[in-house]
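Notes follow the structure.
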Amino acid sequence: MDTNLVVYNTLTRKKEKFEPINPPFVGMYVCGPTVYSDVHLGNSRTFISFDIIYRYLAHLGYKVRYVRNITDAGHLEGDRDEGEDKFAKKAKLEKLEPMEVVQKYTIGFHDVMRIFNTLSPSIEPTATGHISEQIEMVKEIIDNGYAYEVGGTVYFDVEKYNKDYPYGQLTNRKLEDLLEGTRELSGQDEKKGRLDFALWIKAKPETLMKWPSPWGWGFPGWHIECSAMSTKYLGETFDIHGGGMDLQATHHTNEIAQSQACNNTTPVKYWMHTNMLTVNGARMSKSAGNGFLPRELFTGDHPLLERGYSPMVVRFFMAQSHYRSTLDFSNEALQAAEKGFQKLIKAGETLHKLTAASESTVTINEIKTKCYQAMDDDFNTPVLIAHLFDLVRIINSVNDGKEKLSQSDLEEAKKLYQSFVFDVLGLQQELLESTENSGLTGDLIDLILNLRLEAKKNKDFATADKIRDELTEKGVKIKDTKDGFEWEIE
RNA sequence: GGUCGCGUGGCCGAGUGGCUAGGCAGCGGUCUGCAAAACCGUGUACGGCGGUUCGAAUCCGCCCGUGACCUCCA
Numbered sequence: 019m020d021t022n023l024v025v026y027n028t029l030t031r032k033k034e035k036f037e038p039i040n041p042p043f044v045g046m047y048v049c050g051p052t053v054y055s056d057v058h059l060g061n062s063r064t065f066i067s068f069d070i071i072y073r074y075l076a077h078l079g080y081k082v083r084y085v086r087n088i089t090d091a092g093h094l095e096g097d098r099d100e101g102e103d104k105f106a107k108k109a110k111l112e113k114l115e116p117m118e119v120v121q122k123y124t125i126g127f128h129d130v131m132r133i134f135n136t137l138s139p140s141i142e143p144t145a146t147g148h149i150s151e152q153i154e155m156v157k158e159i160i161d162n163g164y165a166y167e168v169g170g171t172v173y174f175d176v177e178k179y180n181k182d183y184p185y186g187q188l189t190n191r192k193l194e195d196l197l198e199g200t201r202e203l204s205g206q207d208e209k210k211g212r213l214d215f216a217l218w219i220k221a222k223p224e225t226l227m228k229w230p231s232p233w234g235w236g237f238p239g240w241h242i243e244c245s246a247m248s249t250k251y252l253g254e255t256f257d258i259h260g261g262g263m264d265l266q267a268t269h270h271t272n273e274i275a276q277s278q279a280c281n282n283t284t285p286v287k288y289w290m291h292t293n294m295l296t297v298n299g300a301r302m303s304k305s306a307g308n309g310f311l312p313r314e315l316f317t318g319d320h321p322l323l324e325r326g327y328s329p330m331v332v333r334f335f336m337a338q339s340h341y342r343s344t345l346d347f348s349n350e351a352l353q354a355a356e357k358g359f360q361k362l363i364k365a366g367e368t369l370h371k372l373t374a375a376s377e378s379t380v381t382i383n384e385i386k387t388k389c390y391q392a393m394d395d396d397f398n399t400p401v402l403i404a405h406l407f408d409l410v411r412i413i414n415s416v417n418d419g420k421e422k423l424s425q426s427d428l429e430e431a432k433k434l435y436q437s438f439v440f441d442v443l444g445l446q447q448e449l450l451e452s453t454e455n456s457g458l459t460g461d462l463i464d465l466i467l468n469l470r471l472e473a474k475k476n477k478d479f480a481t482a483d484k485i486r487d488e489l490t491e492k493g494v495k496i497k498d499t500k501d502g503f504e505w506e507i508e
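Heads up, the working numbering is the position in the first sequence plus 18, with the first residue counted as 1.
Put into structure tokens, the structure is as follows:
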């Protein structure tokens, strides 16, 4: 199959035509969360971005195997292979078993993903579930001469590797430059090279999460899980590997080195990285303490938030910027997104009430072409949304009787709307009022508004306005129509 | 210090060597008893200074500002 899709490849720093290795199949691996704490909004952005990418690939007809891991072991506090285990630390803090920590935050992560309407990956493997695969991989790397063991810990020999392959390729750096930015080895260090990193780490007596291995009891290094699991489920070379930009320099660089050293082949054809979410211009991060939890955002329970914003508003807000751009968070920007989102969704409702004319006065096909062009250009969702607002204008104009759509164009418009708003962008209608509309409350509001209608007919505008003002104050928005009214609860 | 970005009208945010991005807000109009919604019209934006070019916000150079990574974080 042939498409016009072009993707930006971090590896080459260029946009490239997307040509999967085994079409129509596409293998995509995305680095998932380390489940030792709540995911914040910045994390969510990456997964929402890749959700849209996944959805669009599927929409184009690719058979995508989407693998997103759960890191539930082996992630140390520092990346110098000497810090405390993140799970053990959290477990101590919360007086839990490490696996209880894992369970708690895995469930929390899934909840957030569901609320944001992201599709589940095809496979969601865990590090602890693939210890033997990781051990096999480490053995292989040792056999190939790119790793060495010191007292139960196995290190990757970066300088050796760099003689054969470009270690700093992903971030366009030379080994010398990398070495410069690294501290000297201290007398106590057991690694040979300053850039060497652990593939397998010897357990200390107090280590809780540990497994037997050829090098004694220990646990895997952080990077090896992704190499092992991507190889297992997607093969030695697969199409897309994604993750946040912050993983590029260390995690992904090491991942490439490990896979290459083990399998003797380049692991990934297209590397894709999403940019950071910022707050007041600075990166949202756990350590900076400026990270929002999704829950705080929805309820507005955060000092920086004026009020809450719904999950779909947030999703729409994110889609309004390109995944490779930073996105800055502010109340003003969110409120603008909220209005835009509502406009888009309302037009969708209007679309289904339209009646067809004998012929069209506007063309839908042109917009459709532009929508595909936008997404084909490295998943350019902000441009896609701009075109969808052209469709919105047409829908509303037809509704106002100013433009006309033929039956076939009307069908085309519905299809277009469904495809891009719901299937690709993954937005949903948030009809909080729908249950209320059908209940007693709805009946009562209809009753009141019918009384108001009579007042209007009698030119008793004082009463009519009073009813409207008071209902508005209670959150019932009223729109008068030609021969009646519409209302909705805010 | 090294690597890579970014700087677009009131706010957010795309983009292209010459042709309207879009959303929100504002202003004027249509509609309406008045509103709301919708629609129409409206903004001569691209950090600064040079250079290339018939033409640059878009390419090049320098400068200023700012951010990310190089140390845990998507």
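Cβ atoms here follow ideal geometry from the backbone N, Cα and C, with glycine treated the same way.
Could you check what DSSP says for residue i in three-state terms: helix, strand or coil?
| i | result |
| --- | --- |
| Tyr183 | coil |
| Ile507 | strand |
| Leu295 | strand |
| Met302 | coil |
| Thr144 | strand |
| Glu167 | strand |
| Gly260 | strand |
| Asp394 | helix |
| Asn40 | strand |
| Lys113 | coil |
| Met227 | coil |
| Ala375 | strand |
Under 6 angstroms Cβ to Cβ from residue i, same chain only, skipping five residues before and after it: list those, please.
| i | result |
| --- | --- |
| Glu151 | Ala246, Lys250 |
| Phe316 | Gly326 |
| Tyr80 | Pro42, Val44 |
| Ile149 | Trp229 |
| Leu443 | Ala337 |
Just mark residue i as buried or exposed, buried being the case when its beta carbon has 16 or more other beta carbons within 10 Å.
| i | result |
| --- | --- |
| Asn180 | buried |
| His370 | exposed |
| Thr7 | This structure cannot speak to residue 7, because the chain is shown only from 19 to 508. |
| Ile39 | exposed |
| Lys287 | buried |
| Leu217 | buried |
| Ile403 | buried |
| Lys35 | exposed |
| Asn61 | buried |
| Asp195 | exposed |
| Phe438 | buried |
| Gly309 | buried |
| Lys209 | buried |
| Leu75 | buried |
Looking at C-alpha atoms only, which residue of the options is the closest neighbour of residue i?
| i | options | result |
| --- | --- | --- |
| Val168 | Thr317, Phe127, Pro232 | Pro232 |
| Leu265 | Lys475, Gly45, Thr64 | Thr64 |
| Asn135 | Leu188, Thr189, Ile141, Ile70 | Ile70 |
| Thr381 | Pro329, Met155, Asp408, Leu111 | Asp408 |
| Ile133 | Phe503, Cys389, Arg313 | Arg313 |
| Met510 | Gly309, Ser339, Thr344 | The question about residue 510 has no answer, for the chain in this structure spans 19 to 508. |
| Lys220 | Glu273, Ile153, Arg212, Thr268 | Ile153 |
| Ile125 | Ala279, Asp90, Ala480 | Asp90 |
| Asn349 | Lys495, Ser277, Gly318, Lys157 | Gly318 |
| Phe174 | Leu462, Gln278, Phe479, Glu377 | Gln278 |
| Gly253 | Arg83, Pro238, Lys192 | Arg83 |
For residue i, which residues of its own chain have a beta-carbon under 7 angstroms away from its beta-carbon, when the five flanking residues on both sides are left out?
| i | result |
| --- | --- |
| Asn22 | Asp394 |
| Val410 | Lys361, Leu362, Ala365 |
| Gln425 | Ala374 |
| Pro116 | Phe105, Ala106, Ala109, Leu226, Met227 |
| Thr379 | Glu421, Lys422 |
| Lys474 | Ala482 |
Which same chain residues, not among the five before or five after residue i, have their C-beta less than 8 angstroms away from its C-beta?
| i | result |
| --- | --- |
| Glu436 | Inspection of the sequence shows that residue 436 is occupied by Gln rather than by Glu. Around Gln436: no qualifying Cβ. |
| Pro142 | Rather than Pro, the amino acid found at residue 142 in this sequence is Glu. Result list for Glu142: Gly50, Val85, Arg86, Asn87, Ile88, in chain order. |
| Asn417 | Thr368, Lys371, Leu372 |
| Arg342 | Tyr26, His291, Thr292, Asn293, Asp396 |
| Ile466 | Ile485, Leu489 |
Who are residue i's beta bridge partners in DSSP?
| i | result |
| --- | --- |
| Lys220 | Gly236 |
| Leu471 | Answer is none; Leu471 lacks a bridge partner. |
So is the beta-carbon of residue i under 8 angstroms away from any non-hydrogen atom of the ligand ATP?
| i | result |
| --- | --- |
| Ser339 | The ligand ATP is absent from the structure shown, which contains no ligands of any kind. |
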